[in-house]
DNA sequence: CGCCGGATTGATCAGTTTCAAGGCATGTGG
DNA sequence: CCACATGCCTTGAAACTGATCAATCCGGCG
């Protein structure tokens, strides 16, 4: 969709599907900053270029808005300016919460937090349909895909969740997850 | 200075000294989100309350600006609105960089990145005068204070830096640090 | 001079990663 | 329609990094 440090010509809104935004180290290590789901805006920059790369992780449709037209509107309409600020502030809130997870939580706590986040953000059908693979979850949480898999297996063994295929998850005990989320 | 979830009545600018902003878990684990040095603005919220706590870590003077007056100015002056957005965007950039460190870097890489950050941001006197203790550095990098101390000792043993007292650090080989920063 | 908080260093431990093997579902070509 | 290839996931065992526990050490200050 776009790469790190590319000029930020457009702002994107997810209409359907899912997008990951991430940074890479030279040796291939990857940190996924956020998953963007339908309704989310991403790729908005106050500066000139994107500071994260973005890729669709399933079939996805997005709406593009020219950055220049937003800048122009913000110059005349205070509400637009306020909205742009609010979008960035919301991303910052998420980043601050995520830093706490990355820096100070155990693998199990990270996975619990991830499940609760997805449960909150994905359509409430009673079954979470994850759009991303285990490696993506690991790169989001600062874990290996094996550790993510093991954590999920443990939660299943304890009856806290049910797996129907790797990507369909039923939360059976949200309160227990919240407790481990600390 | 202020606590997590307190109403955000003021915005702060550091005039001298240093401030840490952080989040706490119920069991006392702490993640420091950023250190704020002279010239930095902190405590600016698009929402109603602070999402981080803030404390001075040395003798510090700050300038307070009423949030309501900024909001008012932003309503009439587009440049003020743009400036508020830019401040938040800058914090987001830092947070995104820091997530990569927290999630994907080794202890030594984190410490190297920290030293380079401080070298860049503190007055260039040839000797970095750290305002924070080892525990603060650890809570910023997602490490224990012992690991921070050991990493610094190793860097000293390799001649990459010189310690004069625990908080005065001379970088003798910045390029080497940049290499380990990946 | 002696105290005290912060820092260093050492030894051991635990959690996560790494390396490796195998399983399960999906899709494709014979 | 089945056999097999492929990608993703799970599971196991061993190795390693960083945490924990514990004992000094150092420097500033009363």
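Residue numbers (the working numbering), protein chains in the order written: chain V, 550 to 731; chain G, 550 to 731. Glycine included, each C-beta is placed from N, C-alpha and C at the ideal position.
**Report entry** Reference residue 688 of chain V; option with closest CA among V:568, V:554, V:582, V:552
**Finding:** The residue you call residue 688 of chain V lines up with position 139 of the first chain. Comparing Cα positions, the closest option is V:582.
Query raised in the report: Using CA coordinates, which residue listed in G:611, G:724, G:565, G:580 is at the minimum distance from residue 684 of chain G?
Result: For this step, residue 684 of chain G is matched to residue 135 along the second chain. Among G:611, G:724, G:565, G:580, the Cα nearest to that of residue 684 of chain G is on G:580.
Requested in this report: Give a yes or no on whether 8 Å exceeds the smallest Cβ distance from residue 648 of chain V to chain G.
Outcome: Against the first chain, residue 648 of chain V aligns to sequence position 99. Closer than 8 Å to some Cβ of chain G, the Cβ of residue 648 of chain V qualifies, so yes.
Query raised in the report: Which residue or residues does DSSP assign as beta-bridge partners of residue 569 of chain V?
Result: Stepping through the first chain from its first residue, residue 569 of chain V is reached at position 20. According to DSSP, which records beta bridges pairwise, residue 569 of chain V is partnered with V:584, V:604.
Report task. Could you tell me which chain V residues have their CB closer than 7 Å to the CB of residue 637 of chain G, listed as they occur along the chain? Result -> Here residue 637 of chain G corresponds to residue number 88 of the second chain, with the count starting at 1. The answer, in chain order, is 634, 637, 638, 641.
Query raised in the report: In chain V, which residues lie less than 9 Å from residue 572 of chain G when you measure between Cβ atoms?
Result: As a working note, residue 572 of chain G is residue 23 in the second chain. Correct list: 645, 646, 648, 649, 653.
Requested in this report: Starting from residue 613 of chain V, trace the beta strand (DSSP E) both ways and give me its first and last residue.
Outcome: By one-based count along the first chain, residue 613 of chain V stands at place 64. Segment 610-615, the beta strand (DSSP E) holding residue 613 of chain V.
Requested in this report: Give a yes or no on whether the minimum CB-CB distance between residue 580 of chain V and chain G is below 8 Å.
Outcome: The count along the first chain starts at 1 and reaches residue 580 of chain V at position 31. For residue 580 of chain V, the answer is yes, since a Cβ of chain G falls inside 8 Å of its Cβ.
Query raised in the report: Would the beta-carbon of residue 562 of chain G fall within 8 Å of that of residue 612 of chain G?
Result: Your numbering for residue 562 of chain G matches position 13 in the second chain. Your numbering for residue 612 of chain G matches position 63 in the second chain. For residue 562 of chain G and residue 612 of chain G, yes; Cβs fall inside 8 Å.
Requested in this report: Find the residues of chain V that neighbour residue 576 of chain G, judging by a C-beta separation of less than 7 Å, and give them in chain order.
Outcome: On the second chain, position 27 is the one that residue 576 of chain G refers to. By Cβ distance, chain V contributes 731.
Query - CA nearest to the CA of residue 601 of chain V, picked from V:657, V:705, V:726, V:574 - result: Counting from one through the first chain, the residue named residue 601 of chain V turns up at place 52. Residue V:574 is the option with its Cα nearest to residue 601 of chain V.
Requested in this report: Take the Cβ of residue 652 of chain V as the centre, count every other Cβ of all protein chains shown within 10 Å, and call the residue buried at 16 or more, exposed below.
Outcome: Within the first chain, residue 652 of chain V is the residue found at index 103, counting from 1. Buried, because 16 or more other Cβ atoms sit within 10 Å of the Cβ of residue 652 of chain V.
Report task. Tell me, please, whether the CB atom of residue 683 of chain V is closer than 8 Å to any CB atom in chain G? Result -> Position 134 of the first chain, counted from the start, is the residue given in the question as residue 683 of chain V. No, residue 683 of chain V does not count as interfacial toward chain G.
Query raised in the report: What residues in the stretch 591-605 of chain V bring their beta carbon closer than 8 Å to a beta carbon of chain G?
Result: 594, 595, 596, 600, 601
Requested in this report: Tell me whether residue 578 of chain G sits in a helix, a strand or coil according to DSSP, three-state version.
Outcome: Counted from its first residue, the second chain places residue 578 of chain G at position 29. Residue 578 of chain G falls in the coil class under three-state DSSP.
Report task. Taking residue 694 of chain G as part of the alpha helix (DSSP H), name the residues at either end of that continuous run. Result -> Locating residue 694 of chain G in the second chain gives position 145, where the first residue counts as 1. Unbroken alpha helix (DSSP H) run through residue 694 of chain G: 694-706.
Requested in this report: Determine the chain V residues that contact residue 691 of chain G at a beta-carbon separation under 8 Å, and present them in chain order.
Outcome: Locating residue 691 of chain G in the second chain gives position 142, counting from the first residue. Chain V residues near residue 691 of chain G: 651, 652, 653.
Query - Buried or exposed by the 16-neighbour rule on C-beta atoms within 10 Å, applied to residue 691 of chain G - result: Your numbering for residue 691 of chain G matches position 142 in the second chain. Looking at its Cβ environment, which holds 16 or more other Cβ atoms inside 10 Å, residue 691 of chain G is buried.
Query raised in the report: Does any CB atom of chain G fall closer than 8 Å to the CB of residue 627 of chain V?
Result: One-based indexing of the first chain puts residue 627 of chain V at position 78. Residue 627 of chain V counts as touching chain G.
Requested in this report: Answer with yes or no whether the minimum CB distance from residue 588 of chain V to chain G is below 8 Å.
Outcome: As a working note, residue 588 of chain V is residue 39 in the first chain. No, residue 588 of chain V does not count as interfacial toward chain G.
Report task. Take residue 667 of chain G as the anchor and find which of G:654, G:723, G:615 has the nearest alpha-carbon. Result -> Residue mapping note: residue 667 of chain G aligns to position 118 of the second chain, counting from 1. The candidate whose alpha carbon is nearest that of residue 667 of chain G is G:723.
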